[in-house]
Structure formats: structure tokens, C-alpha cells
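J.: Pasting in a structure now, in C-alpha cells, and then I'll have a few things to ask.
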Amino acid sequence: MNLDNLTKEKVIKYHLSLKTKLDENVDVFSSLVALLRDCRELTGRNTETGKRNHSHDKDKSDNWLGAIGYLTVLDQIGKCYRLTKKEQITNNSIIKALKYFSDLDEDEIFAIYALRCSFAHDYSLFNINTNKKGFTHHFTVTGHGYHRIINLPSKPWDGDFGNRKVDNMTVINIPLLTDLIEDIINKLKSFIHSGELELEISPQEIKDRYLLFYNHNNNDR
Numbered sequence: 103m104n105l106d107n108l109t110k111e112k113v114i115k116y117h118l119s120l121k122t123k124l125d126e127n128v129d130v131f132s133s134l135v136a137l138l139r140d141c142r143e144l145t146g147r148n149t150e151t152g153k154r155n156h157s158h159d160k161d162k163s164d165n166w167l168g169a170i171g172y173l174t175v176l177d178q179i180g181k182c183y184r185l186t187k188k189e190q191i192t193n194n195s196i197i198k199a200l201k202y203f204s205d206l207d208e209d210e211i212f213a214i215y216a217l218r219c220s221f222a223h224d225y226s227l228f229n230i231n232t233n234k235k236g237f238t239h240h241f242t243v244t245g246h247g248y249h250r251i252i253n254l255p256s257k258p259w260d261g262d263f264g265n266r267k268v269d270n271m272t273v274i275n276i277p278l279l280t281d282l283i284e285d286i287i288n289k290l291k292s293f294i295h296s297g298e299l300e301l302e303i304s305p306q307e308i309k310d311r312y313l314l315f316y317n318h319n320n321n322d323r
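In terms of the numbering used here, the sequence shown has 258 at position 156, counting the first letter as 1, and numbering is strictly consecutive.
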């Protein structure tokens with residue numbers, strides 16, 4: 103079978119599915135949804151639905167490693183998809199994903215990207231980038247006590263550790279942030295049916311980068 107001739111519609115379908123059959127001999131696995139399941143397991147969510155487990159001993163929705171995984175989900179979404187009804191956005195993939203698929207404003211989106219840099223680069227709560235406005239933050243992350251995804255400071259932090267104060271601290275509720283990313287996954291599926299979902303890269307690149315094929319006859323991958 104020539105796997106290079108998969109249609110755009112089929113590639114999107116396979117990319118948003120954990121495992122499906124290409125034909126009677128070949129299974130298709132998506133790294134995006136495999137990542138999503140790993141994130142759900144780390145955060146104590148239902149691995150199939152993404153629903154949070156509110157049981158005290160099983161709720162891990164504020165897990166930092168889980169949050170890094172969820173932000174990587176955004177990274178892949180932003181590389182792959184955009185909306186036809188919105189003006190095309192040029193930026194890094196996490197910012198693109200949030201601009202296309204959320205209602206957050208630009209300052210909030212930049213802060214979430216800064217949190218991703220803080221977590222992924224050195225597992226800290228500080229991001230200093232004085233060359234780009236909106237990217238320098240000292241964070242508090244929480245799983246309770248706040249009813250918004252993000253609370254921005256009344257004035258920006260200047261990146262000087264001696265100047266850290268409550269009024270220049272950025273607070274992010276990790277469970278609500280990861281809820282948002284789960285909502286974005288659901289939106290992608292609805293946008294397929296409405297015809298509003300468009301690819302940022304070619305179907306061939308999605309196949310090559312993010313799909314894994316298992317042939318039961320010869321064990322080729």
C-alpha cells in the first residue's frame with residue numbers, strides 16, 4: 103500500500119485518533135493522542151475522556167510534568183493546524199495554538215508560553231526575556247483558590263530577583279490551564295466537521311512526523 107497518497111482528511115483523522123486501522127493489516131498510531139493519554143495519566147484524569155478525577159487521592163491535575171506534556175500538546179497543535187475563519191498567524195506554535203483555539207488575550211498567551219519555557223528549560227518558576235515584551239515573569243502555580251486560568255500582575259516584573267513582589271507575580275491555575283487544552287482538543291474535532299480546520303503543514307509532513315504505522319504481516323513500522 104502506498105502510504106504517501108493519504109488524503110488530507112484521512113491524515114487529520116488519524117492524527118487526532120490514538121489508534122485506528124488503515125486497512126485489515128495496518129494499524130495507525132498518533133503521537134499527539136499518545137502524548138495526550140500520557141498527560142492524562144500523569145494528572146490523574148480519565149485516559150480516554152480527559153475528565154478530571156476529583157477524588158482527593160487521585161487528583162493530580164496540578165502536576166508540573168503533566169503540565170509540560172499538555173503544553174507540548176499545544177506545541178504540536180500549533181505546528182499542524184489553523185482556522186480558516188481567522189487571519190493567518192505567524193508566531194511560535196504554542197502561541198499560535200492559543201490564538202487560534204482559545205479566547206485568551208495576548209498578554210495571557212505570552213505568560214502561558216513563558217510558563218512553558220520556565221518548566222521545560224529548567225523546571226523553575228521564572229522566565230526572563232527582556233528582549234520580548236510580556237515574556238518575563240515570576241510565577242506562582244496552583245491547583246486551587248483561583249477561578250481563572252491566569253491572574254496577571256498589576257505591573258510587570260522587571261526580571262530582577264530582588265524586586266519580586268506580590269503585585270508583580272503571575273498566578274496560573276494548572277488544572278484550569280490543562281482543562282483549556284482538553285477543550286481545544288475537542289474543538290479540533292468539531293472544526294473538522296464544520297470545515298474550519300486547515301493544515302499549517304502538508305499532510306505528508308504530518309504523516310512523516312506524527313503517525314506511526316504497524317503492519318501485522320511483516321512487523322514493518
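C-beta atoms are modelled at their ideal positions from N, C-alpha and C, and glycine is treated no differently. In this text the structure is predicted, and so the values were computed from the model without any measurement.
Run through the DSSP bridge pairs and tell me what residue 272 is partnered with.
T.: 241
J.: Can you have a look at residue 303 and say buried or exposed, based on whether 16 or more other CB atoms are within 10 angstroms of its CB?
T.: exposed
J.: Between which two residues does the beta strand (DSSP E) carrying residue 302 extend?
T.: Where residue 302 is concerned, there is no enclosing beta strand (DSSP E), given that its DSSP letter is neither H nor E.
J.: To which residues of the same chain is residue 295 closer than 8 Å at the C-beta, ignoring the five residues directly before and after it?
T.: none
J.: Mapping DSSP to helix, strand and coil, what is residue 122?
T.: Looking at residue 122 - three-state DSSP - the assignment turns out to be strand.
J.: Distance check for residue 284 and residue 170, CA to CA, integer angstroms please.
T.: 14 Å
J.: So the beta strand (DSSP E) residue 167 belongs to, where does it begin and stop?
T.: Not the beta strand (DSSP E): residue 167 falls in the alpha helix (DSSP H), residues 166–182.
J.: Using three-state DSSP, classify residue 215 as helix, strand or coil.
T.: helix
J.: Please check the pair residue 238 and residue 258, which I expect to be a contact at CB under 8 Å, by giving their CB distance rounded to whole angstroms.
T.: 7 Å
J.: Under DSSP, the beta strand (DSSP E) around residue 129 begins and ends at which residues?
T.: 128–132
J.: Going straight from the alpha carbon of residue 125 to that of residue 180, what length do you get?
T.: 29 Å
J.: Per DSSP, what are the beta-bridge partners of residue 315 in this structure?
T.: 130
J.: Please report the residue range of the alpha helix (DSSP H) in which residue 263 lies.
T.: Run containing residue 263: none; DSSP gives neither H nor E here.
J.: Since I believe residue 145 is in contact with residue 163 (beta carbons under 8 Å), could you give me their beta-carbon distance rounded to a whole number of angstroms?
T.: Between residue 145 and residue 163 the Cβ distance is about 5 Å, and since that is below 8 Å, they are a contact.
J.: To the nearest angstrom, report how far apart residue 192 and residue 319 are at their CA atoms.
T.: 43 Å
J.: So, at 6 Å on beta carbons, what are the nonlocal neighbours of residue 231 in its own chain, with the 5 sequence-adjacent residues on each side left out?
T.: 237, 238
J.: For residue 186, which option in 178, 201, 242, 197 has the closest C-alpha, if you only look at C-alpha atoms?
T.: Selected option, being the one with the closest Cα: 201.
J.: Compute the Euclidean distance between the alpha carbons of residue 241 and residue 154, then round it to the nearest angstrom.
T.: 24 Å
J.: Is DSSP giving residue 114 helix, strand or coil here?
T.: helix
J.: What is the rounded straight-line gap between the Cα of residue 130 and the Cα of residue 147?
T.: If I take the Cα positions, the gap works out to 24 Å.
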